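These notes are about the structure you will find just below.
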Amino acid sequence: MYKLLALNIDGTLLKSNGKLEKKTKEAIDFVKKKDVYVTLMTSRNFLSAKKVAKALKLDSYLVTFQGALVAKSLEEKLHASVIPAQKTFDIVHVLEHFNCNVRLLHERYSIGNRKKIKNNMIAKTILGDPFFYPAQFVDSLSDVLRDDPIDVMKIDVFYSKEDECDEIVETITHAFPDISLSVSDGKIELLPTNVSKLNGLIRLGNELGISLKEMVVIGDHLDDMPAIEAAGLGVAMGNASKEVKAVADWVTRSNDQLGVAYMIKEHFRKQHRPQFLRQIRTIEKK
């Protein structure tokens, strides 16, 4: 019996056009009625993820900022990891020597530089709702941080050339060995130590008394792979890469084919609520 369902947002829950379909919402309602705890695991900021959660009528802890923040609200946090202000400044100072876009993600807002580079991921990246998660752009991040230091949840770095990516990764890894780093789709993500979606789910599971083997994880990104591989049932979307599909127990349809709704109906329709099973066992003992 699976007790927790963890879902990535972009490329998994949402279609390619960014829409959340009615059938997906109905599938989430269906699995919630079976007393399955539903959460979101995402590299998005918390406030953006919370908007998706509200659309799904979820009041659960969310694994956000790639696992740096696990919370129900910014006032009710289960876990929070940050890159301290001084280290953030030092990293930015190094990154400004490269031709890249840098975005600092605070829990309530983001700050980015205005450098123009060719990178399709920048256009796809959610800059934030000005009312909920404002995004500010400045000419010099280091100048801003010198006057107003901030701790950040993570740092996103967008590059245009692979050789420059390799140089950035090598430089950051050497200069800041205690920073976690992941690369995918034209973006480098710098995170506090030991931060990942998997570790976020482990922290949530410890709080709820749910083991990894009692979890179903559905995702499509490379950063979903560790969680998919460790879960009791790891599911890759049909639009996921070969690497992600290779570690999954099951491959569902693509996000545009509503793969989440399909998987839930296929795998959870035979699972009964724990209370119902307890009643059956009681009757059998009599």
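Residue 7 is where the sequence shown starts when you use this note's numbering, and the numbers rise one by one after that.
Ideal Cβ positions, reconstructed from N, Cα and C, are used throughout, including at glycine.
For clarity, every value in this text was computed on a predicted model and none was experimentally measured.
Limits of the alpha helix (DSSP H) - the one that residue i falls within
i: Lys56; result: 52-61
i: Val88; result: From DSSP, Val88 is part of no alpha helix (DSSP H); its letter is neither H nor E.
i: Leu68; result: Segment 68-70 is the beta strand (DSSP E) holding Leu68; no alpha helix (DSSP H) there.
i: Thr45; result: Taken as a continuous stretch (DSSP letters only), Thr45 belongs to no alpha helix (DSSP H), being part of the beta strand (DSSP E) at 43-46.
i: Ala181; result: 168-181
i: Glu249; result: 248-253
Pick from the options that is closest to residue i, judged by C-alpha positions
i: Asp35; options: Phe52, Ala252, Ala61; result: Ala61
i: Val163; options: Glu102, Arg114, Ala77; result: Glu102
i: Leu13; options: Thr199, Val150, Arg152, Gly240; result: Gly240
i: Leu80; options: Thr94, Pro90, Ile97, Lys56; result: Lys56
i: Phe182; options: Asp153, Ile89, Phe104; result: Ile89
i: Pro198; options: Asp230, Gly206, Glu235, Ser87; result: Ser87
i: Val100; options: Val69, Gly24, Thr30, His180; result: His180
i: Asp66; options: Ile156, Leu210, Ile97; result: A small correction: the amino acid at residue 66 is Ser; Asp does not occupy that position in the sequence shown. Out of Ile156, Leu210, Ile97, Leu210 has the C-alpha closest to the C-alpha of Ser66.
i: Asp41; options: Glu113, Cys171, Met7; result: Met7
i: Thr94; options: Ser148, Phe138, Lys78; result: Ser148
i: Ile161; options: Glu173, Ile97, Met231, Ser202; result: Ile97
i: Leu64; options: Ala77, Asp16, Gln72, Asp172; result: Ala77
i: Cys171; options: Arg152, Val144, Asn105, Leu151; result: Asn105
i: Phe71; options: Glu82, Gln92, His112, Gly24; result: His112
i: Pro140; options: Ile234, Ile270, Phe52, Gly24; result: Phe52
i: Glu82; options: Val69, Ala91, Gln92; result: Val69
i: Val119; options: Glu249, Leu151, Glu272, Val175; result: Before going further, note that residue 119 is Asn rather than Val in the sequence given. Nearest of Glu249, Leu151, Glu272, Val175 to Asn119, Cα basis: Leu151.
i: Ile208; options: Ile234, Met159, Arg114; result: Ile234
Neighbourhood of residue i by C-beta distance below 7 Å, restricted to the same chain and skipping five residues each side
i: Lys38; result: Val44
i: Ala237; result: Leu218, Met221, Val222, Val223
i: Ile132; result: Annotation note: pLDDT 46 at Ile132 (below 50); position unreliable, coordinate value reported separately. Correct list, in chain order: Arg50, Ser54.
i: Gly17; result: Asp226, His227, Met243, Asn245, Asn261
i: Arg275; result: none
i: Gly73; result: Val201, Ser202, Lys203, Asn205, Gly206
Beta-carbon contacts of residue i that lie in its chain and below 6 Å, excluding the five residues immediately before and after
i: Glu213; result: Leu84
i: Gln142; result: Ile117
i: Lys121; result: Asn107
i: Asp184; result: Thr199
i: Trp256; result: Val241
i: Leu10; result: Tyr43, Ile216, Met221
i: Phe138; result: Leu53
i: Leu29; result: It should be noted that the sequence gives Lys, not Leu, for residue 29. Closer than 6 Å at the Cβ level, and outside the excluded window around Lys29, lie Leu264, Ala267.
Unbroken beta strand (DSSP E) run spanning residue i, endpoints
i: Met221; result: 221-225
i: Asp162; result: 160-164
i: Ser186; result: 186-190
i: Phe104; result: Run containing Phe104: none; DSSP gives neither H nor E here.
i: Tyr8; result: Element bounds for Tyr8: n/a, residue is neither H nor E.
i: Leu214; result: Counting along the chain, Leu214 falls outside any beta strand (DSSP E), though it belongs to the alpha helix (DSSP H) covering 203-214.
i: Ala33; result: Per DSSP, Ala33 belongs to no beta strand (DSSP E); it is in the alpha helix (DSSP H), 28-38.
i: Ala74; result: Here Ala74 belongs to no beta strand (DSSP E), and DSSP marks it neither H nor E.
In DSSP terms, what residue i is bridged to
i: Asn119; result: Val144
i: Leu196; result: Ile161, Leu187
i: Gly240; result: Val223
i: Ala267; result: For Ala267, which the question treats as bridged, DSSP gives no partner whatsoever.
i: Ala12; result: Thr45, Val223
i: Arg109; result: Gly118, Asp162
i: Val257; result: Ala242
i: Lys83; result: Ala77
Nonlocal neighbours in the same chain, by C-beta distance under 8 Å from residue i, ignoring five residues either side
i: Leu26; result: Leu19, Leu20, Val58, Ala61, Leu62
i: Pro232; result: Ser202, Lys203, Leu204
i: Leu145; result: Checking the sequence shown, residue 145 turns out to be Asp, not Leu. Result list for Asp145: Asn119, Arg120, in chain order.
beta-carbon residue i near the ligand GTP non-hydrogen atom, thresh 6 Å
i: Ala77; result: Questions concerning the ligand GTP fall outside what the structure shown contains, since it holds no ligand whatsoever.
Do the region 259-271 and the region 236-251 make contact, defined as three or more Cβ pairs closer than 8 Å? Contact holds between the region 259-271 and the region 236-251, because three or more Cβ pairs, one in each stretch, are under 8 Å apart.
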